[in-house]
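What follows is a set of notes on a single structure, which appears directly below.
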Amino acid sequence: MDITQNWKAIRTHFNDSFKSNLHVSIASVNSNNLPTVTPVGTLFLNGDQTGFYFEKYISKLPENAKFNNNICVLAVNSNKWFWIKSLYKLKFNNYPALKLYGKLGTKRKASEIEISRLKKRMKSTNSLKGNKYLWGDMVHVREINFTNVEKINIGKMTAHF
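My numbering applies: residue 16 is where the sequence shown begins, and numbers increase by one.
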C-alpha cells in the first residue's frame, strides 16, 4: 500500500476508527529498548502524510523520542456494525485496521486551526464537565511525519485490498 497514493483512504480510516474507539494506539521504544504503547485521543492527520497530537497528558512519547523518535500508530475500526456486516459478507468493504509508521517531530505551540480541529472533534461533549477539564487548555502539539503504511490482513476477508 502506497502512503502517498492512498493518503485520503488512510485519513478516512483513521477518522472512522476514532469514531468507534475515541483513540489510537501509538507504539514507541524507550531508552532500554523496551516497547510501550500510548493511547492518544487527539491525533489528527493532515493532507500531506503528516499529523500532530496535543501533548498535554502524554509523557512517555516525548521521553522516548529523546532516544528514538520512531513510532507506529495503530487505528482499528471497532464499529460493531462494520464488523457484523463484514463477518456476514465474509469480506471487509474498508480496512479493519491500519498501521502508520513515522517519526516524532518537534513540540510547539498549537495553531488556531489545530485548536479549532480539536474543538470540532470534542464538540459533542461541550456540555459535560470533563470536556473543559480534559481539553480546555490544550496548547502544545507534537508534529509527526509519516513514512509508511501497513494494512492489517485478515485472510480472504481483506485479500481484495
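Beta carbons: idealized from backbone N, C-alpha and C, even for Gly.
- The bridge partners DSSP lists for Glu165 are Lys114.
- Take the alpha-carbon of Lys71 and the one of Val55: they are about 10 Å apart.
- By the neighbour-count definition (other C-beta atoms within 10 Å, threshold 16), His175 is an exposed residue.
- Each of Phe59, Asp31, Cys87, Thr53 was checked against the Cα of Glu165, and the nearest Cα belongs to Cys87.
- Look at Gly170 here: in three-state DSSP terms it is helix.
- By the 16-neighbour rule on beta-carbons within 10 angstroms, Trp150 is buried.
- Remark: three or more beta-carbon pairs, one from each stretch, lie closer than 8 Å, so the region 88-99 and the region 110-117 are flagged as touching.
- With a cutoff of 8 Å on beta-carbon distance, Leu119 and Leu76 are scored as near each other.
- Counting the other Cβ atoms within 10 Å of the Cβ of Ser139 gives fewer than 16, which makes it exposed.
- Distance from the Cα of Lys134 is smallest, within the candidate group Val52, Ile25, Thr121, Phe69, for Phe69.
- Within its own chain, the residues whose Cβ lies closer than 8 Å to the Cβ of Val44, once the five positions on either side in sequence are excluded, are Pro50, Thr51, Asn79, Phe82, Asn83, Asn85, listed in chain order.
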